[in-house]
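Protein chains in written order, with the UniProt record's numbering: chain A, 1 to 161; chain B, 1 to 175. Note that beta-carbon positions come from the ideal geometry of N, C-alpha and C, so glycine has one too.
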Amino acid sequence: MRQWRRVANEAMQFSVTLAKFIGLLHVTDAYLFSSTPVYGTSMLPTFNFRGDVVLTERLSHRFGRVVPGDVVMLRAPYDPNKMVAKRVLGMEGDKVTFVDSASTLHYQKTTVVPKGHVWIQGDNTYDSFDSRSYGPVPYGLIQGRAFFRVWPPNGFGFVDD
Amino acid sequence: MALRYLKNFLASEAFKNAGREVSDVVPRVVKYICCLQLTILTSSLSLCMLPTLGLAGNLCLAERISTRFDKLGVGDIVLLRSPELPRKIVTKRLVALEGQSVTYTVDPKNSDRSETVVVPKGHVWVEGDNVYESTDSRKFGPVPYGLLQGRVFWRIWPPKDFGSLAQSKGKDPVS
Numbered sequence: 001m002r003q004w005r006r007v008a009n010e011a012m013q014f015s016v017t018l019a020k021f022i023g024l025l026h027v028t029d030a031y032l033f034s035s036t037p038v039y040g041t042s043m044l045p046t047f048n049f050r051g052d053v054v055l056t057e058r059l060s061h062r063f064g065r066v067v068p069g070d071v072v073m074l075r076a077p078y079d080p081n082k083m084v085a086k087r088v089l090g091m092e093g094d095k096v097t098f099v100d101s102a103s104t105l106h107y108q109k110t111t112v113v114p115k116g117h118v119w120i121q122g123d124n125t126y127d128s129f130d131s132r133s134y135g136p137v138p139y140g141l142i143q144g145r146a147f148f149r150v151w152p153p154n155g156f157g158f159v160d161d
Numbered sequence: 001m002a003l004r005y006l007k008n009f010l011a012s013e014a015f016k017n018a019g020r021e022v023s024d025v026v027p028r029v030v031k032y033i034c035c036l037q038l039t040i041l042t043s044s045l046s047l048c049m050l051p052t053l054g055l056a057g058n059l060c061l062a063e064r065i066s067t068r069f070d071k072l073g074v075g076d077i078v079l080l081r082s083p084e085l086p087r088k089i090v091t092k093r094l095v096a097l098e099g100q101s102v103t104y105t106v107d108p109k110n111s112d113r114s115e116t117v118v119v120p121k122g123h124v125w126v127e128g129d130n131v132y133e134s135t136d137s138r139k140f141g142p143v144p145y146g147l148l149q150g151r152v153f154w155r156i157w158p159p160k161d162f163g164s165l166a167q168s169k170g171k172d173p174v175s
C-alpha cells in the first residue's frame with residue numbers, strides 16, 4: 001500500500017514538473033522567440049526553397065518596432081491557419097510603387113498604405129503571392145520577425161535587411 | 001570606495017535572501033501567466049455594444065479556444081485587433097463568415113441606403129450591436145480571420161448581469 005502511494009507521489013511530482021516545463025516552453029515560444037522552418041520559393045534568394053530554419057522574435061511587433069526591410073512572419077489574410085514569411089516594404093502612410101502582377105502590360109501602380117496596415121512582398125517577385133495580389137494587410141496579422149537563420153549550416157547568421 | 005561598498009552589499013545576507021525570494025517568485029509568476037493563456041479578462045467600455053454590453057463598463061471573460069479551432073459561429077461576440085489601430089482590441093459581434101453575403105445599412109444615421117457584399121475567403125464580417133455608433137466592418141470592410149483574438153462568453157461585472165451572454169442568432173446575414 002505504501003509502495004503505491006510513493007509511486008503515485010513521484011508520478012504526481014513528475015507531471016507537475018513536466019507541466020511547468022511545457023508552460024515555460026509555450027510562453028517562450030509565444031512571447032519571446034521561436035524557431036520556424038520556412039518553405040517555398042517566394043523568398044528566394046534570402047530563404048532556400050528546401051526549407052530553412054529561422055529564429056523569429058516576437059517582441060518587436062508588439063512594440064511597434066517593425067520597419068520596412070524586416071522579414072516578418074504573419075498569418076495569411078486568405079487562410080488564417082497558414083503562416084507566411086515576407087518582407088515588409090511599406091508602413092502605413094507610405095507610397096508603394098509596384099508592378100501589378102495580374103496585368104499583362106506590366107503597368108506600374110502607386111498606392112498609399114492605409115492606416116494600421118503594411119505592404120508585404122516576397123523577395124522573389126516572380127513567384128510570390130503577396131500584397132501585389134491581395135493588397136496591404138493589417139499590422140495585427142504580424143506574428144514575429146525573422147532575424148537569425150539556424151539551418152542550413154552554411155547560411156548560419158543574421159537575416160539581412 | 002563605492003566599489004567596496006558595492007562588493008560588500010553583493011556579498012551580504014540581505015542581498016542573497018532577496019535573490020532567493022526573487023527566484024522563488026519568478027517561476028510562480030511565469031506559471032500563472034501560462035495558466036492565463038486559456039482565459040483572459042476583458043473590460044469592454046465601448047459604446048458599440050449597446051444594449052448588450054452597457055455604457056458603464058462590463059468585465060467579461062473571453063476564451064481563446066474557439067478562435068484557434070475554428071469553432072466560431074454567427075452571433076458570437078468576438079474580440080479582435082482593430083485593423084486601423086493594431087494595438088487596440090475591440091469587441092464586436094460576428095455577423096457573417098467567409099462566403100456568406102451581408103446586407104448592411106451604410107450610414108444609418110443619415111440615410112437608409114443599404115449595400116450587399118460577399119465576405120471573401122479567410123475573412124469575417126463583424127458589426128457592433130449599436131449600429132449608429134459603431135466603427136466596424138461597415139467602415140473598414142471584412143477583417144481577416146487571423147485578427148480575431150477570442151470569444152466573449154461570460155459576463156462577470158456588474159453582478160446583476162452575471163451570466164452567460166445570450167447568443168443572438170436573430171441577425172440574418174444572408175439577404
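Rounded C-alpha distance that separates residue i from residue j
i: PRO61 of chain A; j: GLU13 of chain B; result: The identity of residue 61 of chain A in the sequence shown is His, whereas the question assumes Pro. Computed Cα separation, rounded: 41 Å.
i: VAL152 of chain B; j: VAL25 of chain B; result: 31 Å
i: GLU63 of chain B; j: MET12 of chain A; result: 28 Å
i: LEU45 of chain B; j: GLY150 of chain B; result: Confidence at LEU45 of chain B is low in this model, with a pLDDT of 39, below 50, so its placement is unreliable and no value can be given for it.
i: PHE148 of chain A; j: LEU32 of chain A; result: 14 Å
i: ARG50 of chain A; j: PHE129 of chain A; result: 18 Å
i: LYS109 of chain A; j: VAL124 of chain B; result: 28 Å
i: ASN48 of chain A; j: ILE120 of chain A; result: 19 Å
i: ASN154 of chain A; j: TYR107 of chain A; result: 39 Å
i: GLY64 of chain A; j: SER137 of chain B; result: 24 Å
i: PHE162 of chain B; j: GLU127 of chain B; result: 24 Å
i: LEU74 of chain A; j: PHE156 of chain A; result: 23 Å
i: VAL67 of chain A; j: LEU148 of chain B; result: 24 Å
i: THR116 of chain B; j: SER42 of chain A; result: 35 Å
i: VAL159 of chain A; j: ASN110 of chain B; result: 52 Å
i: GLY144 of chain A; j: ALA96 of chain B; result: 29 Å
i: GLY122 of chain A; j: ARG87 of chain A; result: 6 Å
i: ALA146 of chain A; j: LEU89 of chain A; result: 15 Å
i: PRO83 of chain B; j: LYS115 of chain A; result: 8 Å
i: THR28 of chain A; j: ARG2 of chain A; result: 39 Å
i: VAL54 of chain A; j: LEU44 of chain A; result: 14 Å
i: ALA8 of chain A; j: VAL22 of chain B; result: 31 Å
i: LEU79 of chain B; j: ALA30 of chain A; result: 19 Å
i: ALA19 of chain A; j: ARG68 of chain B; result: 21 Å
i: GLY19 of chain B; j: ALA11 of chain B; result: 11 Å
i: THR91 of chain B; j: VAL99 of chain A; result: 37 Å
Assigned secondary structure, residue i (DSSP; H/G/I helix, E/B strand, else coil)
i: PHE14 of chain A; result: helix
i: SER111 of chain B; result: coil
i: PRO37 of chain A; result: strand
i: GLY128 of chain B; result: coil
i: GLY122 of chain B; result: coil
i: PRO153 of chain A; result: helix
i: VAL25 of chain B; result: helix
i: GLY150 of chain B; result: strand
i: PRO159 of chain B; result: helix
i: VAL143 of chain B; result: strand
i: VAL7 of chain A; result: helix
First and last residue of the uninterrupted alpha helix (DSSP H) at residue i
i: ASN8 of chain B; result: 2–11
i: LYS139 of chain B; result: 137–140
Test: residue i CB closer than 8 Å to a CB of chain A
i: LYS121 of chain B; result: yes
i: GLU84 of chain B; result: yes
i: residue 178 of chain B; result: No information on residue 178 of chain B is available, as it lies outside the stretch 1 to 175 that chain B covers here.
i: GLY146 of chain B; result: yes
i: ARG81 of chain B; result: yes
i: THR39 of chain B; result: In this prediction, THR39 of chain B has a pLDDT of 46, which is less than 50 and means its spatial position is unreliable; what the coordinates show is noted afterwards. Taking Cβ atoms only, chain A never reaches closer than 8 Å to THR39 of chain B, which makes this a no.
Interface flag, residue i vs chain B, CB-CB below 8 Å
i: ARG75 of chain A; result: yes
i: LEU55 of chain A; result: no
i: LEU89 of chain A; result: no
i: TYR78 of chain A; result: yes
i: GLY116 of chain A; result: yes
i: PRO68 of chain A; result: no
i: GLY144 of chain A; result: no
i: LEU141 of chain A; result: yes
i: PRO45 of chain A; result: no
i: PRO153 of chain A; result: no
Endpoints, the beta strand (DSSP E) within which residue i is located
i: LYS109 of chain A; result: 108–112
Below-8 Å beta-carbon distance, residue i vs any chain C residue
i: THR28 of chain A; result: Among the chains of the structure shown, chain C does not appear; the protein chains present are A and B.
Self-check item: Ranges of the beta strand (DSSP E) found wholly within the UniProt domain "Peptidase S26" (47–105) of chain B, counting only runs of at least 3
Solution: 58–63, 77–81, 89–96, 101–105
Quiz prompt | Whole beta strand (DSSP E) elements within the UniProt domain "Peptidase S26" (16–100) of chain A, 3-residue minimum | solution = 33–38, 52–57, 71–76, 79–90, 95–99
Exercise. With a floor of 3 residues, list each beta strand (DSSP E) that falls wholly inside the stretch 119–151 of chain A, ordered by position along the chain.
Key: You should have 142–151.
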